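Worksheet: the structure to be examined is printed underneath.
There are 2 protein chains.
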Amino acid sequence: MDSTVRDHDLAYDVFSRNCPSRGALEHVTGRWGSLTITALYDGTFRFNELRRRVDGVSEKMLSQTLHALERDGLVHREAQAGNPPRVDYELTPLGREVAERLLSLIQLLEDRMDEVLLAQGRYDESRGGR
Amino acid sequence: MDSTVRDHDLAYDVFSRNCPSRGALEHVTGRWGSLTITALYDGTFRFNELRRRVDGVSEKMLSQTLHALERDGLVHREAQAGNPPRVDYELTPLGREVAERLLSLIQLLEDRMDEVLLAQGRYDESRGGR
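First to last, the sequence lines map onto chains P and Y.
One rule links them: number in the working numbering = place in the first sequence (from 1) + 219.
One rule links them: number in the working numbering = place in the second sequence (from 1) + 219.
Below you can see the structure in the form of structure tokens.
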């Protein structure tokens with residue numbers, strides 16, 4: 220094994236602004252990336268189905284998000300023959316692993332939102348209300 | 220237990236654009252939120268120490284990020300007496316739980332970056348290069 224391969228654990232570091240892993244992290248955590256990936260954890264979706272699931276996303280933003288995730292190898296895009304042609308989106312195996320991590324984070328936040336809302340109330344009160 | 224409390228698992232849903240949990244998710248996954256929280260997992264930092272760790276963040280963005288995380292109850296800000304006064308930032312217990320989920324996601328991406336870079340290469344090639 221040469222040293223380039225052996226050192227990869229050290230070589231990729233999201234804290235370095237020029238490391239490609241930072242871009243990948245931004246794609247999966249960005250405003251729509253995390254919701255798109257976790258929505259796809261439930262199965263295969265067409266574009267408009269996915270758009271309904273990710274409440275609030277624009278057509279343009281969902282399209283950009285899906286292209287970035289496809290390029291990173293996290294989402295698989297399958298064009299089906301037919302008239303009109305049908306395009307399905309699903310997670311790749313790596314995409315599913317990423318989705319599991321995101322779901323664990325989302326579950327934690329949903330479970331603890333009472334605590335978050337209390338903290339927000341205390342913070343706003345200490346600053347004279349908002 | 221009244222039904223409001225009992226139904227909380229259903230009540231909070233990041234997929235609904237108006238649910239407060241979506242805002243909390245955006246704070247911890249936003250461009251700088253995820254890096255700031257995971258950096259703080261290593262201990263207590265002063266503002267400028269943290270800014271050096273989160274390579275590329277501006278003073279304004281780090282300040283906004285810390286305020287949002289403090290308001291959500293994920294980061295604790297402690298002003299120490301002294302001249303000049305010193306301000307320390309550290310994670311709350313809930314912040315540490317969030318950081319653990321984010322670290323698991325970051326570790327996965329760093330470990331699998333070779334696979335991501337290969338996918339990017341294939342994607343770009345199939346579109347005639349970039």
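Note that the Cβ used here is the ideal one computed from N, Cα and C, for glycine as well.
Bear in mind that the values here come from a model prediction, so they are computed numbers and not experimental data.
Residue pairing by DSSP places residue 296 of chain Y opposite Y:308 in a beta bridge. Taking CB atoms only, residue 236 of chain P has a neighbour in chain Y less than 8 Å away. For chain Y, the residues of the region 285–297 of chain P that bring a beta carbon within less than 7 Å of one of its beta carbons are 289, 290, 291 and 292, in chain order. Neighbours of residue 315 of chain Y in chain P, taken as residues whose beta carbon is under 8 Å from its own, are absent, since the nearest beta carbon is some 11 Å off. Against chain P, the CB of residue 272 of chain Y has a partner CB under 8 Å away; the residue lies at that interface. In the assembly as shown, residue 240 of chain Y is a buried residue. Its beta-carbon has 16 or more other beta-carbons within 10 Å.
Secondary structure note for residue 234 of chain P: it is in no alpha helix (DSSP H), with a DSSP letter that is neither H nor E. In this structure, the alpha-carbon of residue 254 of chain Y lies about 44 Å from that of residue 301 of chain P. Within a 10 Å sphere around the beta-carbon of residue 339 of chain P sit 16 or more other beta-carbons, which makes this residue buried.
Per DSSP, the beta-bridge partners of residue 264 of chain Y are Y:308. Of the residues Y:342, Y:315 and Y:276, the one whose Cα lies closest to the Cα of residue 234 of chain P is Y:276.
Linking residue 287 of chain P to residue 268 of chain P through their CA atoms gives a straight-line distance of about 19 Å. Within the model, the alpha-carbon separation for residue 295 of chain P versus residue 257 of chain P is close to 14 Å.
About 18 Å separates the Cβ atoms of residue 289 of chain Y and residue 327 of chain P, ruling out a contact at the 8 Å cut-off. Taken in chain order, the members of the region 318–333 of chain P whose beta-carbon sits within less than 8 Å of a beta-carbon on chain Y are 320, 321, 323, 324, 325, 327, 328, 329, 330, 331, 332 and 333.
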